[in-house]
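Same order as they appear, the protein sequences are chains P and Z. Position one of the first sequence corresponds to residue 1419 (my numbering), numbered consecutively onward. Position one of the second sequence corresponds to residue 36 (my numbering), numbered consecutively onward.
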Amino acid sequence: MKKGKNLDFIKKYTMIIVLVLVYIFFAIETGGSILLPMNVSSLISQNAYVFILATGMLLCILTGGNIDLSVGSVVCFVGAVGAVLMANLKVNMFVAILVMIIVGTAIGAFQAFWIAYVRIPPFIVTLAGMLAFRGLSNVMLNGLTVSIKDCTSFVKLFGGGADCFIPDPQIFVKVEGFNVVCLIVGAVSIIVFIAMQLTSRRTKIKKNYAVEGAAAFWIKTVLISAVICAFTVQLSRHKGIPTVLIWVLLVVLVYGYITSNTTTGRYFYAVGGNEKATKLSGINTNKVYFLAYTNMGFLAALAAMVTIARLTSAQPTYGQNYEMDAIGSCFIGGASAYGGTGTVPGVIVGAVLMGVINLGMSLMGVDQNMQKVVKGLVLLAAVIFDVVSKRGGKMISKD
Amino acid sequence: MAKILLEMKSITKTFPGVKALDNVNLKVEEGEIHALVGENGAGKSTLMNVLSGIYPYGSYEGDIIYDGEVCKFNTIKDSEAKGIVIIHQELALIPYMTIGENMFLGNERGSKFKINWNETNELAAKYLDIVGLKETPQVLIKDIGVGKQQLVEIAKALAKNAKLLILDEPTASLNEDDSKALLELLLKFKKEGMTSIIISHKLNEISYVADKITVIRDGSTIETLDKKVDDFSEARIIKGMVGREIADRFPKREKNIGDVKMEIKDWTVYHPLYSERKVVDNVSINVKKGEIVGIAGLMGAGRTELAMSVFGKSYGDNISGQIFIDGEEVNLETVASAIDHKLAYVTEDRKGNGLILSNSIKVNTSLANLDEISKKGVINKDEEYRVGTEYREKLKIKCPTIEQNVGNLSGGNMQKVLLAKWMFAKPDVLILDEPTRGIDVGAKYEIYCIMNQLVAEGKSVIMISSEMPEILGMCDRIYVMNEGKMVGELDASEATQEVIMSQIIKTS
Chain P
1419 MKKGKNLDFI KKYTMIIVLV LVYIFFAIET GGSILLPMNV SSLISQNAYV FILATGMLLC
1479 ILTGGNIDLS VGSVVCFVGA VGAVLMANLK VNMFVAILVM IIVGTAIGAF QAFWIAYVRI
1539 PPFIVTLAGM LAFRGLSNVM LNGLTVSIKD CTSFVKLFGG GADCFIPDPQ IFVKVEGFNV
1599 VCLIVGAVSI IVFIAMQLTS RRTKIKKNYA VEGAAAFWIK TVLISAVICA FTVQLSRHKG
1659 IPTVLIWVLL VVLVYGYITS NTTTGRYFYA VGGNEKATKL SGINTNKVYF LAYTNMGFLA
1719 ALAAMVTIAR LTSAQPTYGQ NYEMDAIGSC FIGGASAYGG TGTVPGVIVG AVLMGVINLG
1779 MSLMGVDQNM QKVVKGLVLL AAVIFDVVSK RGGKMISKD
Chain Z
36 MAKILLEMKS ITKTFPGVKA LDNVNLKVEE GEIHALVGEN GAGKSTLMNV LSGIYPYGSY
96 EGDIIYDGEV CKFNTIKDSE AKGIVIIHQE LALIPYMTIG ENMFLGNERG SKFKINWNET
156 NELAAKYLDI VGLKETPQVL IKDIGVGKQQ LVEIAKALAK NAKLLILDEP TASLNEDDSK
216 ALLELLLKFK KEGMTSIIIS HKLNEISYVA DKITVIRDGS TIETLDKKVD DFSEARIIKG
276 MVGREIADRF PKREKNIGDV KMEIKDWTVY HPLYSERKVV DNVSINVKKG EIVGIAGLMG
336 AGRTELAMSV FGKSYGDNIS GQIFIDGEEV NLETVASAID HKLAYVTEDR KGNGLILSNS
396 IKVNTSLANL DEISKKGVIN KDEEYRVGTE YREKLKIKCP TIEQNVGNLS GGNMQKVLLA
456 KWMFAKPDVL ILDEPTRGID VGAKYEIYCI MNQLVAEGKS VIMISSEMPE ILGMCDRIYV
516 MNEGKMVGEL DASEATQEVI MSQIIKTS
């Protein structure tokens, strides 16, 4: 019994354990430089688009292992639209943001229509989108780079440039070497987190629901608090909270809530788990597919803003392989290749793992091409693990 | 006495929770046509799957002695190498390949690196000629009818040098002429020394072609009839098929039947793919408050199709007819509207159509009625947990917690979760499609108790079942359906297995 429990524990937290091991490995190999404040901070800024896109991709994958290949091109196209509006046509920033969101969502809805109602395989529809929007980006930009260096407020808002961090207001006491806002936010999040954990546990006990053991509960709570603490302290040592982190957190929290607490979120899992049964439960499954892919377009628009802000320009080559980063994060984060299982926190762990591997190998000076090889192998290993563990540990399929 | 070609000795095959075959014995002589008959779920197909190696050696107990030696088949290839070829009820042909390609699929002519198409087509033509099919081997399967496809299957079997041909319901989807031609073909093969085993529900066909009939009931062999010795009349065969006692397998209930709750009138449904085929043909039924109505019939009689088409048109095309609930006509265009009108359909296919195996008991229970436990689209998880627990206790679902995935439960418990799901949808009329299929006797009894409880609360139940004793034991009124038509309506008092069977057979 004890052994089975341990196994379950390892199975449940595999990717977190792997993430910790990988982090320790790189910490040793890079002589600790991966732990430096600057690198912790750039782990967030570099991978912001992955977090956002992977969250959207999760919804598509939940519906039955369906992927969206077009996101990289859509990011590029929406970014091009935004850059042209702001830099060339001098349109107001908020109008440009609104247009970008509308364009992204409309592209999503266009593809979603074919997928959900006409039932063209998502692979085909989004492959077409991948080609078309890459081409359109080129047309939009005339094959050139459009710089948005001068749109400073946009760049700042979406986490690009040198000072895209939340600064300390003048009235605050200065602490040399630390960003005070960041420290306060860190402290507050830890308090809120612990309070929420405690109340939820108390209500569960009061209502006689199953709860984990007290020791496990406290170990978990303390560990997560420690991670938040270390993370915010490191950020505060490097200029503070990157603005892009706010967008990422917003997406993660909102979608985490939708997938786990709302009826709509439940339907994504149901459709992926068994579409026929879902249909016979009176749920409009076409609408579920439509939502998944429309939403993907919306989040691609957000990722586009983050991307052009970070690079302070739009280029026809931006967004290449973004879809692969998003898809990879989902599968590494435990989403099933057949749909129906996967969580937003899981996907975030997957995305962080990919980011850490990227960053760690860059710091170690590993060749770009070898980095791709390693990432590919990690993805394959993660999916093999998922499939084999679902089959009860049997490696070779008998069906 | 002729040589015994095949002997299956004390075959026992267990599935988790169910004994599908219990000490079955079968002897087939060389050159005869041997028929296997029995009700749905009696174990005929399981027995043939054991024989052909679909269930490999070691997964069952007992011996298969073929041509004088004990055989240990691990795959279909092994049994086919010995000349045992099975033709399944659902044809296994690939529509977009030619007849010739299909016939030699997995058995390709030529070398590994180059298929010899000339030889393929020449040989195919030869076997097509033997089965009397006048098509060239280059025709695509999708372009020929079901009857001809059946002949292609047989030709394919012959191409594998079949010595023992097993046909599972070969005439189920054929019209009368095609069926006749097929039976004549079997008789012709017999003259040439071929041995065949035929599984069929059509007793008239069986008594026409078979030399011996083995009756299987509840996973055991009951008797073997010999044409030379025994009476081959349909009545005699039916007696063997159904002859069992109904003991206290069904809980008693107080009858308290009220007014007509739901009425379906002139219901006609066409097949979604073959648009000219009527699957349900002008059917009218009704169910009263507090009543259990049974729909008896063989597999493929159109009962599931009837139920699903009523339930928000979730099956079929070109549906016509009227539905009245409490005397008022309703239009149930979607499943959601059917659920709104307090209708529930509990599917026969728990795993395929009913449950989300990768989700927990809790999540499955609430799925059809999530709105009741949510506000503005946000699920109240405490409430969901409470509902899950309530139904787990009500239906005695055996599980460590309601967070457990449904996929890990036994068949009986899965069925209970499915029932829980639909009971939580708070319906007035429940259509239960094969509610006890593939579950053990104890769990069956519990499901019957739940049904009694439901009607005691004034709900109406329509039970579709292929298990005759269950229909007789539980229902107040019984409809008999065959080939899409309603062929009889019986009160529980006048119904017997023989009466129902003969109503079905009469119209076949």
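Glycine is no exception: its CB is placed at the ideal position from the N, C-alpha and C atoms. Keep in mind that this is a model prediction, so the values were computed, not measured.
Show which residues of chain P have a CB atom less than 7 angstroms away from the CB atom of residue i.
i: Ser393/Z; result: Gly1691, Gly1758, Thr1759
i: Thr436/Z; result: Ala1628
i: Ser94/Z; result: Going along chain P, no residue has its Cβ under 7 angstroms from Ser94/Z, so there is no contact; the nearest lies around 12 angstroms.
i: Ser409/Z; result: Thr1681
Find the residues of chain P that neighbour residue i, judging by a C-beta separation of less than 9 angstroms, and give them in chain order.
i: Thr382/Z; result: Lys1694, Ala1695, Leu1698
i: Asn388/Z; result: Asn1692, Lys1694, Ala1695, Lys1697, Leu1698
i: Ile374/Z; result: Ser1699, Gly1700
Which bits of chain C does residue i rub up against, with CB to CB less than 8 angstroms?
i: Asn1679/P; result: No chain C is present in this structure, whose protein chains are P and Z.
Ordered along the chain, which non-local residues of its own chain (more than five positions away) have a Cβ less than 8 angstroms from that of residue i?
i: Gly1757/P; result: Ile1479, Leu1480, Thr1481, Gly1482, Gly1483, Asn1484, Val1689, Gly1690, Gly1691
i: Glu280/Z; result: Because Glu280/Z sits at a pLDDT of 48, beneath the cut-off of 50, its placement in the model cannot be relied upon, and the point is left open.
i: Ile1470/P; result: Trp1665, Val1666, Val1669, Leu1717, Leu1720, Ala1721, Val1724
i: Thr133/Z; result: Pro172, Gln173, Val174, Leu175, Ile176
i: Ala1695/P; result: Ala1688
i: Met1558/P; result: Phe1495, Ala1498, Val1499, Val1502
Which term fits residue i, buried or exposed, when burial requires 16 or more other beta carbons within 10 angstroms of its beta carbon?
i: Ser1463/P; result: buried
i: Asp1586/P; result: buried
i: Ile1542/P; result: exposed
i: Ala455/Z; result: buried
i: Gln538/Z; result: buried
i: Gly423/Z; result: buried
i: Ala55/Z; result: buried
i: Leu1616/P; result: exposed
i: Asp417/Z; result: exposed
i: Leu1709/P; result: buried
i: Glu419/Z; result: buried
i: Asp1743/P; result: buried
i: Ala1632/P; result: exposed
i: Glu492/Z; result: exposed
Whose Cβ in chain Z lies nearer than 8 angstroms to the Cβ of residue i?
i: Arg1537/P; result: Within 8 angstroms Cβ-Cβ: nothing; Arg1537/P doesn't reach chain Z, min ~14 angstroms.
i: Arg1684/P; result: Val398, Leu402, Leu405, Ile414
Give me, in chain order, the residues of the same chain whose beta-carbon lies closer than 6 angstroms to that of residue i; leave out the 5 immediate sequence neighbours on both sides.
i: Phe359/Z; result: Glu298
i: Val322/Z; result: Lys296, Met297, Val328, Ser495, Ile497
i: Asp252/Z; result: Residue 252/Z is actually Arg in this sequence, not Asp. Gly73, Ala77.
i: Pro1540/P; result: Asn1484, Ile1533
i: Arg338/Z; result: Ile330, Gly332, Ile499, Met516
List, in order along the chain, the chain P residues whose C-beta lies closer than 8 angstroms to that of residue i?
i: Asn321/Z; result: Within chain P, no residue comes near Asn321/Z; the closest Cβ sits about 23 angstroms away, beyond 8 angstroms.
i: Ser349/Z; result: Lys1697, Leu1698
i: Ala371/Z; result: Gly1700, Ile1701, Asn1702
Please compile the residues from chain Z whose C-beta is within a distance smaller than 7 angstroms of the C-beta of residue i.
i: Ala1800/P; result: Residues of chain Z passing the Cβ test: none, with the nearest at roughly 18 angstroms.
i: Tyr1687/P; result: Asn394
Residue i touches chain Z at which residues, Cβ-Cβ below 9 angstroms?
i: Lys1625/P; result: Asp417, Tyr420, Arg421
Could you give the C-beta distance for residue i and residue j, rounded to a whole number, given that I count them as a contact under 8 angstroms?
i: Ala1727/P; j: Gly1577/P; result: 6 angstroms
i: Ile466/Z; j: Tyr380/Z; result: 5 angstroms
i: Thr206/Z; j: Lys237/Z; result: 6 angstroms
i: Lys1793/P; j: Ile1775/P; result: 6 angstroms
i: Leu71/Z; j: Ile234/Z; result: 5 angstroms
Apart from the five residues on each side of it in sequence, which residues of its chain come closer than 7 angstroms, Cβ to Cβ, to residue i?
i: Asp526/Z; result: Arg512
i: Ala116/Z; result: none
i: Ser1643/P; result: Ile1608, Phe1611, Ile1612
i: Gln357/Z; result: Lys300, Asp301, Glu364
Query raised in the report: Contact between the region 410 to 419 of chain Z and the region 448 to 456 of chain Z: three or more CB pairs below 8 angstroms?
Result: Fewer than three beta-carbon pairs drawn from the region 410 to 419 of chain Z and the region 448 to 456 of chain Z are found closer than 8 angstroms, and the two stretches are therefore not classed as touching.
Query raised in the report: Taking three-plus beta-carbon pairs below 8 angstroms as touching, is the region 1581 to 1595 of chain P in contact with the region 1520 to 1538 of chain P?
Result: Taking 8 angstroms as the limit for Cβ pairs, the verdict is that the region 1520 to 1538 of chain P does not touch the region 1581 to 1595 of chain P.
Query raised in the report: Counting pairs of Cβ atoms below 8 angstroms between the region 122 to 140 of chain Z and the region 95 to 102 of chain Z, do you hit three or more?
Result: Too few Cβ pairs lie closer than 8 angstroms, so no.
Requested in this report: Specify whether the region 1730 to 1739 of chain P and the region 1488 to 1500 of chain P touch according to this definition: at least 3 beta carbon pairs, one from each stretch, less than 8 angstroms apart.
Outcome: Counting Cβ pairs under 8 angstroms, three or more are found: they touch.
Query - Stretch-stretch touch, CB-based, cutoff 8 angstroms, three pairs: the region 1782 to 1801 of chain P with the region 1747 to 1766 of chain P - result: Yes, they touch.
Query raised in the report: At a cut of 8 angstroms, does the region 1651 to 1662 of chain P reach the region 1453 to 1460 of chain P through at least three beta carbon pairs?
Result: With the cut-off at 8 angstroms, the region 1651 to 1662 of chain P and the region 1453 to 1460 of chain P touch.
Query - At least three beta-carbon pairs within less than 8 angstroms, the region 1560 to 1570 of chain P to the region 1603 to 1623 of chain P - result: Contact between the region 1560 to 1570 of chain P and the region 1603 to 1623 of chain P is not established, with fewer than three Cβ pairs separated by less than 8 angstroms.
Query raised in the report: Does the region 77 to 87 of chain Z come close enough to the region 242 to 258 of chain Z to have 3 or more Cβ pairs within less than 8 angstroms?
Result: The region 77 to 87 of chain Z vs the region 242 to 258 of chain Z: in contact.
Query raised in the report: Does the count of Cβ pairs from the region 110 to 130 of chain Z and the region 195 to 212 of chain Z closer than 8 angstroms reach three?
Result: At 8 angstroms Cβ cutoff, the stretches touch.
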